[in-house]
DNA sequence: TCAAAAGTGTTCCGAATACACCCATGA
DNA sequence: TCATGGGTGTATTCGGAACACTTTTGA
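Chains as they are written, first to last, in the numbering used here: chain S, -7 to 207; chain D, -7 to 207.
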C-alpha cells in the first residue's frame, strides 16, 4: 500500500453471484444489459463501488436493487482484475456469492429483466454472457461444490422448515452425485431437529419437517 | 458492473503476505514505513495497482521490488475494503499470499528495511502494524492452517531436496500441533520420492533426502 | 393391494490414530 | 556405549460406504 498521489484510472465494481435451486437445478440470477457493451446479453448483477460503502455493503445493495432481497447469505468469492475484462475502462471486479431458497426470491418481487438461469446451461455456453462473467460463474460454481462438504451452505437453499429428502437433493445437486439416504441422514442428523410438523399430500409416506439446530 | 461515468475516488492497492519458516517459526516479510501515516511502523509490502498490470502481476512486482524473489508460489487471499482502513484515501486492498523457503529468501538479496517477523508475535500484538495489516495477517494465517490439509502448500516452505522430518516440522508449525512420525510418513510417502542422497553430519542417524513426486 | 418414497438398523472396509520397536550416527 | 533422532511394522479405532429391510401414504 504505497502513497498513491498519482491518479489511478481504475474502477472498482462489485458483482454478485446469486445462486438458488429450483426444479432440481442450480440456477443463478442474471440481468439483461440495456447498454453497450454487450447490450442485450445477460450479465451478473453488479454495481460500481461507492466511496461511502464497504465491499459487502455494495454487494448487498446490488442484490437489493435487483431482487429486493435483504439479509441473505453473502460471502466474498474472488477478485478479478484481468486487463481487458471491460472494454470501457480498466475495471477490477470484487465478486460475492449469495445463496437463497427460491421461495424468498419469488416473494421478494424482483425487477423485470432479472432472470433465473441454469448454471449448467451457462457453463455449456448457452446463453453467452457479457464480459468474463461465464468464467466467474464457473469459478463460483466450483467454490460451491467444495464448500458443501465443510460448511453449512446447503441450508441456505431450503426454507426454514424442510424435509431431509429436500436437503439431500440440495447436497446432491451441489456435489453432482447421488448420496445414500441412510448415510446422509446419519451425517446430517446432528445438525437438525424435528419441528414436529409433517409434509403431507404426497402419494407416499409423509416426511418429517426439520429445522436447523443451533450448535 | 455498471457504467461508471462518474469518477470513483477509490484507490486499489495490492498487498502481499510473504510467509516463510525459519528457526521452527512461521514468519512473514514486513517493511518499515518511511512515510506518514504510520511512519516507522511495520507494514505488508504493497504497491498501488497500475493500469497496465493484472492483480497478480502487481503482487509479483511487490515481492520482486522488496526481496528480489521471482517465480514463487502466489495466490490471492482476500480483498479488504473497510472504509477507514487507510486514513489518506478510500483504498481497497487486494491481498495475495506468497510462500518460500528461507534459503531462497536469503539468497535473493532483499532490501534494507525488509524484516522477517514471527507471525505468532504479530498476532499477540508485538510489534504493532500499520493500517489493518495485523487483521489481514491473522486472516492469512488461518487460511494457511486450513490449506495444509488439502493442498501441497507445505512443500513451498522446504528446498527442492528435503528430509521427511523437515517436512513434518512444516506441517506441525502450520497446523500448530505435533504429528506422529509413522503416520505422517504414510500420509506423505505417495507424494515424494527419494533422491538417493542423505543428509549427514548430525549427531544421529542420517536422514534420506526426498523430492516432491510429480503426480 | 400396490407403487413410491420415507425412514432405520447393521455390516463392511479403509484410512487415520496410537503404540512399540529397531537403526545409524557422533561424541 | 549411550544419547539422539531417523525409520518401520502392527494393532486399534472411527467414520464413511454399502446393503437390506420396514413404514406410511395416495391412488
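All C-beta atoms, glycine included, are put in the ideal place defined by N, C-alpha and C.
Whether residue i touches residue j by CB criterion (8 angstroms)
i             : j             : result
residue 2/S   : residue 9/S   : no
residue 87/D  : residue 69/D  : yes
residue 105/S : residue 31/S  : no
residue 199/D : residue 159/D : no
residue 54/D  : residue 37/D  : yes
residue 119/D : residue 34/D  : yes
residue 146/D : residue 166/D : yes
residue 109/S : residue 22/S  : yes
residue 41/D  : residue 0/S   : yes
residue 97/S  : residue 154/S : no
residue 66/S  : residue 52/S  : yes
Residue i classed as buried or exposed, judged by whether at least 16 other C-beta atoms fall within 10 angstroms
i             : result
residue 193/S : exposed
residue 207/D : exposed
residue 142/S : exposed
residue 172/D : exposed
residue 75/D  : exposed
residue 136/D : buried
residue 73/D  : buried
residue 7/D   : buried
residue 187/S : exposed
residue -3/D  : The predicted position of residue -3/D is uncertain, since its pLDDT is 43 and thus under 50; a value taken from the coordinates is nonetheless stated next. Under this definition residue -3/D is an exposed residue.
residue 85/S  : buried
residue 174/D : exposed
Cα-Cα separation, residue i to residue j
i             : j             : result
residue 163/S : residue 77/S  : 33 angstroms
residue 64/S  : residue 144/D : 34 angstroms
residue 112/D : residue 80/S  : 45 angstroms
residue 150/D : residue 203/D : 10 angstroms
residue 205/S : residue 140/S : 17 angstroms
residue 126/S : residue 168/S : 19 angstroms
residue 208/D : residue 122/D : Residue coverage of chain D in this structure runs from -7 to 207, which leaves residue 208/D outside it and unanswerable.
residue 133/D : residue 190/S : 45 angstroms
residue 100/S : residue 161/D : 53 angstroms
residue 16/S  : residue 128/S : 22 angstroms
residue 170/D : residue 176/D : 10 angstroms
residue 5/S   : residue 195/D : 59 angstroms
residue 148/D : residue 178/S : 38 angstroms
residue 44/S  : residue 124/D : 18 angstroms
residue 197/S : residue 131/S : 39 angstroms
residue 117/D : residue 138/S : 34 angstroms
residue 183/D : residue 14/D  : 23 angstroms
residue 39/D  : residue 152/S : 46 angstroms
residue 107/D : residue 180/D : 32 angstroms
residue 26/S  : residue 27/D  : 46 angstroms
For residue i, the first and last residue of its enclosing beta strand (DSSP E)
i             : result
residue 90/S  : 83 to 91
residue 68/D  : 65 to 72
residue 109/S : 106 to 110
residue 31/S  : Note, residue 31/S: premise wrong, no beta strand (DSSP E); not H, not E.
residue 164/D : Unbroken run through residue 164/D is the alpha helix (DSSP H), 156 to 167; no beta strand (DSSP E).
residue 208/S : Residue 208/S is absent from the model: chain S starts at -7 and stops at 207.
residue 20/S  : 17 to 24
residue 201/S : 199 to 204
residue 191/S : 184 to 191
Residue range of the unbroken alpha helix (DSSP H) whose run includes residue i
i             : result
residue 177/S : 173 to 180
residue 120/S : It is not in any alpha helix (DSSP H) - residue 120/S carries neither H nor E in the DSSP assignment.
residue 12/D  : From DSSP, residue 12/D is part of no alpha helix (DSSP H) but of the beta strand (DSSP E) over 3 to 14.
residue 54/D  : 47 to 59
residue 131/S : 125 to 139
residue 95/S  : 94 to 99
TODO: Give a yes or no on contact between the stretch 54 to 64 of chain D and the stretch 80 to 94 of chain D, applying the rule of three or more CB pairs nearer than 8 angstroms.
DONE: Between the stretch 54 to 64 of chain D and the stretch 80 to 94 of chain D, the count of Cβ pairs shorter than 8 angstroms is three or higher; the stretches touch.
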